[in-house]
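> Just so we're on the same page, the working numbering is the position in the sequence shown counted from 1, plus 5. Built from N, CA and C at the ideal position, the CB exists for glycine as well.
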Amino acid sequence: MGSRTWLGLRRRLASLFHTFMLRLGVNIDHVATVREARYRGSPEGEPDPVAAAALCLEAGAHGITAHLREDRRHMQDRDIWRLRESLRTRLNLEMANCREIVEIALKVHPDIVCLVPERREEVTTEGGLDVAGQVGPLTETRQRMNDAGIEVSLFIAPDPPQVEAAARLGAQAIELHTGAFAGHFRDPAGRAREVDRLIAAARQAHGLGLRVNAGHGLNYENVAALEPVPHLVELNIGHSIVSRSIGVGLRQAVEEMLVLMARYPG
Ligand code: PXP
């Protein structure tokens, strides 16, 4: 049986018997990064992250994650609005806890927001949110989002004080930062230590009533090593999926161009 057929069958059985299946949220920022490299400032351009989101969902992804950064380096406001209009599944909006983006989120109304730290000089979100150090402002945003019917997740390192603070301020979910796990993946001792941190944090969060997601740096090689981590509901994965799509799609893209060029009369 092909892997797609097997996956489809597993999905149908899972829904039939209400068994658990780890959910995948695809982070499509990287599609917009490619577009912005060529078309920054233009209202159009390719590749289109909204079309990419539709393909991810057709392939079976459970949700779409997009980060509207203050510097708009990849996703633009119009992308987030179009995603909201076109998606029938969950839209997870990653965002910094800053006034401008909070107001946009309250208008766009994603299903869930994931609050992340943001620094202009970073290439991608590098560290977890210091929830313990910003309980006041985060509680205010959490409350405003919840009042509007939007769930709140907090992107945090697997550290006990951060998990405890996330529960204290009333978040519905946390996303455990798997960057350190991914970074130490090739070092057996480091990998074991990071998996142990994730296990402990997931247990603690679950015990405190938080839903547990995870993401950052996950790829086709390291994702299976997360299996010992309990209570995971959703993984948010971006870079490795978008990278792999180049690997598996480039042949077809070149073949299609060669067909067009073969028409040249000479
Ligand atoms: N989750 C969060 C909160 C992130 O900031 C990112 C990176 O944008 C991801 C998941 C996805 O990380 P990656 O692109 O490394 O898969």
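Measuring from the CB of Asp34, is there a heavy atom of the ligand PXP at a distance below 7 angstroms?
For the purposes of this step, residue 34 is taken as the residue at position 29 of the sequence shown. Yes; taking the cut-off as 7 angstroms, the Cβ of Asp34 has a heavy atom of the ligand PXP nearer than that.
> Does the stretch 230 to 241 come into contact with the stretch 50 to 61, if we say contact requires no fewer than three beta-carbon pairs (one atom in each stretch) closer than 8 angstroms?
no
> Tell me the DSSP secondary structure of Met80 in three-state form.
Counted from its first residue, the sequence shown places residue 80 at position 75. Note: Met80 maps to coil in three-state DSSP.
> Along the chain, where does the alpha helix (DSSP H) containing Leu255 start, and where does it finish?
The sequence position of residue 255 within the sequence shown is 250, counting from 1. Unbroken alpha helix (DSSP H) run through Leu255: His244 to Met266.
> Let me know if Gln209 comes out buried or exposed under the rule of 16 or more other beta-carbons within 10 Å of its beta-carbon.
Taking the first residue of the sequence shown as position 1, residue 209 is located at position 204. Gln209 comes out buried.
> For a test of the three-state rule: what should DSSP assign to Met100, helix, strand or coil?
Reading the sequence shown from its first residue, position 95 is the one you call residue 100. It is a strand residue.
> By alpha-carbon positions, which one of Gly243, Leu120 and Val200 ends up nearest to His79?
Here residue 79 refers to the residue found at position 74 when the sequence shown is read from its first residue. Proximity to His79 across Gly243, Leu120 and Val200 peaks at Gly243, based on C-alpha coordinates.
> When you compare the CB positions of Ala153 and Thr183, do they come within less than 8 angstroms of one another, or not?
As a working note, residue 153 is residue 148 in the sequence shown. As a working note, residue 183 is residue 178 in the sequence shown. Contact: no.
> Taking its Cβ as the centre, do 16 or more other Cβ atoms sit within 10 Å of Thr24, making it buried, or is it exposed?
On the sequence shown, residue 24 is found 19 positions in, with the first residue counted as 1. The residue is exposed, with fewer than 16 neighbouring Cβ atoms inside 10 Å.
> Take Ser91 as the anchor and find which of Val55, Ala171, Ile106 and Arg202 has the nearest alpha-carbon.
Your numbering for residue 91 matches position 86 in the sequence shown. Selected option, being the one with the closest Cα: Val55.
> According to DSSP, is Val107 helix, strand or coil?
Position 102 of the sequence shown, counted from the start, is the residue given in the question as residue 107. Residue state, collapsed to three classes: helix.
> To the nearest angstrom, how far is it from the Cα of Val136 to the Cα of Phe160?
Counting from 1 along the sequence shown, the entry for residue 136 is found at position 131. Counting from 1 along the sequence shown, the entry for residue 160 is found at position 155. If I take the Cα positions, the gap works out to 9 angstroms.
> Please determine, among Leu120, Gly46, His67 and His221, the residue with the shortest C-alpha to C-alpha distance to Cys103.
Translated into positions along the sequence shown, residue 103 becomes position 98. Ranking Leu120, Gly46, His67 and His221 by Cα distance to Cys103 puts Leu120 first.
> As a quick exercise: from Leu255, Gly188 and Gln177, pick the residue whose alpha carbon is nearest that of Gly132.
Along the sequence shown, one-based indexing puts residue 132 at 127. Ranking the options by Cα distance to Gly132, first place goes to Gly188.
> Could you check whether the Cβ of Ser250 sits closer than 8 angstroms to any Cβ belonging to chain C?
Of the protein chains in this structure there is only one, and it is not chain C.
> Where does Val217 fall in DSSP's three states?
Numbered from 1 along the sequence shown, position 212 holds the residue referred to as residue 217. Of the three classes helix, strand and coil, the one that applies to Val217 here is strand, per DSSP.
> From Ala272 to Arg83, what does the alpha carbon distance come to, in whole angstroms?
A question about residue 272 goes unanswered here, because the residues of the chain that appear run from 6 up to 271.
> Shorter than 7 angstroms, the distance from the beta carbon of Cys119 to the closest heavy atom of the ligand PXP, or not?
As a working mapping, residue 119 is identified with position 114 in the sequence shown. Yes.
> Could you pull the DSSP bridge partners for Ala71 from this structure?
As a first step, residue 71 is located in the sequence shown; it is residue number 66 there, counting from the start. Paired residue(s): Leu98.
> Does DSSP classify Gly212 as helix, strand or coil?
On the sequence shown, residue 212 is found 207 positions in, with the first residue counted as 1. Helix at Gly212.
> Buried or exposed: where does Ala71 fall if 16 or more other Cβ atoms within 10 Å of its Cβ makes it buried?
Mapped onto the sequence shown, residue 71 falls at position 66. Answer is buried; the Cβ neighbour count reaches 16.
> Do you know whose CA, among Ala162, Ala66, Leu88 and Ile155, lies nearest His221's CA?
Position 216 of the sequence shown, counted from the start, is the residue given in the question as residue 221. Residue Ala162 is the option with its Cα nearest to His221.
> Would you tell me roughly how many angstroms separate the C-alpha atoms of Asp53 and Asn97, rounded to the nearest one?
Within the sequence shown, numbered from 1, the residue matching residue 53 stands at position 48. Within the sequence shown, numbered from 1, the residue matching residue 97 stands at position 92. When rounded, the distance between both Cα atoms is 18 angstroms.
> Would you call Met150 buried or exposed, if buried means 16 or more other Cβ atoms sit within 10 Å of its Cβ?
Counting from one through the sequence shown, the residue named residue 150 turns up at place 145. Buried.
> Identify, in the order they occur along the chain, each residue of the same chain with its Cβ nearer than 6 angstroms to the Cβ of Asn32, setting aside the five sequence neighbours on each side.
By 1-based counting over the sequence shown, the position of residue 32 is 27. Contacts found: Thr70, Asn241 and Gly243.
> Please go through the stretch 133 to 214 and give each complete alpha helix (DSSP H) segment of 4 or more residues, from N-terminal end onward.
140 to 152, 165 to 173, 184 to 188 and 193 to 212
> Assuming contact is defined by CB atoms lying nearer than 8 angstroms, are Ile109 and Leu73 in contact in what I supplied?
Position 104 of the sequence shown, counting from 1, holds the residue named residue 109. Position 68 of the sequence shown, counting from 1, holds the residue named residue 73. Closer than 8 angstroms, so yes.
> For Arg87, which residues from the same chain have a beta carbon less than 8 angstroms from its beta carbon, with the 5 sequence-adjacent residues on both sides left out?
If you number the sequence shown from 1, residue 87 lands on position 82. Taken in chain order, the residues that qualify are Val55.
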